[in-house]
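Data first, discussion second: the structure below is written as structure tokens.
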Amino acid sequence: MSSLSLREVKLCLLGDAGVGKSSLVLRFVADSFNENSESTIGASFMSKTLIVEDQTFKYQIWDTAGQEKYRGLAPMYYRNAAAAIIVYEITRKQSFEALKHWVKELRQFGPSNIILAIAGNKSDLESQRQVSSDEAKEYADSIDALFVETSALTADNVSYLFEALSKRLPQES
Ligand code: GDP
């Protein structure tokens, strides 16, 4: 329709500590990278406007309430979320295996119609790869999620991830 339509999208980031969730947000929101980033404590919040195919999306990005001590916050964290990105790092198999846990939590607390993406981050560290693209794509397909390998460090595929996710969001009537 018209380019005037503005779509507000609440997006939750999930995934094990250290996989690069905050770094992906920083790359997407500010196009920068911080070598020495500390793991996120509690939950942080950032917003960014993105135009895809004549539609303006205003993303409100919620970065992790994943730590055990914040468990009680989970329902609030997921409430009214339109989309979620679950992140693992391609260099740590365990973070990939943890995806199942995050999907389960999302199914438990998140809206049933949430649009889901799996991001295999740190794609710049190819020589240390522990998770093949094929294996990850197969898993993502099995849960009807978008799959993208990203690097917050080099910016590879970071914009693409958010653009592709935006295209999957149902049209607002
Ligand atoms: P979070 O705990 O999931 O939010 O992870 P962070 O964003 O804090 O990142 C954890 C560590 O991984 C930090 O030292 C980052 O600098 C580093 N990191 C994040 N993304 C990438 C990436 O794409 N490539 C590489 N090589 N390092 C990354």
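Here the sequence shown is numbered in the numbering used here, starting from 2 and rising by one per residue. Every residue gets a Cβ at the ideal spot worked out from N, C-alpha and C, and that includes glycine.
Query                                                                                                                                      : Result
Compute the Euclidean distance between the alpha carbons of R80 and A153, then round it to the nearest angstrom.                           : 27 Å
Mind listing, in chain order, the continuous alpha helix (DSSP H) runs of no fewer than 4 residues lying wholly within the segment 82–169? : 94–98, 100–110, 134–143, 159–169
Can you find at least 3 beta carbon pairs, one from the segment 7–25 and one from the segment 92–107, that sit closer than 8 Å?            : yes
Say yes only if the C-beta of L12 is nearer than 6 Å to one or more non-hydrogen atoms of the ligand GDP, and no if none qualify.          : no
Taking the alpha-carbon of A141 as reference, which of F163, F97, S160 has the nearest alpha-carbon?                                       : F97
Between V132, E173, F148, L27, which lies nearest to I86 when the distance is taken from Cα to Cα?                                         : F148
Quick one: is the Cβ of V104 within less than 6 Å of any heavy atom of the ligand GDP?                                                     : no
Report the CB separation of T151 from D157 in whole angstroms; it is logged as a contact under 8 Å.                                        : 6 Å
According to the neighbour-count rule (16 or more other Cβ atoms, all chains shown, within 10 Å of its Cβ), is F29 buried or exposed?      : buried
Taking the alpha helix (DSSP H) that R28 falls in, what are its first and last residues?                                                   : 22–31
So is S23 buried or exposed if we call it buried at 16+ other beta carbons inside 10 Å?                                                    : buried
Which first and last residues belong to the alpha helix (DSSP H) in which P76 is found?                                                    : 75–79
Taking the alpha-carbon of G121 as reference, which of S143, G111, R93 has the nearest alpha-carbon?                                       : R93
Give me the Cβ distance between L51 and S167, rounded to the nearest whole Å; I'm assuming they're in contact under 8 Å.                   : 6 Å
Pull up the CB-CB distance for E127 and V20, whole angstroms please, since I reckon it's below 8 Å.                                        : No, E127 and V20 are not in contact; Cβ-Cβ is about 16 Å, not under 8 Å.
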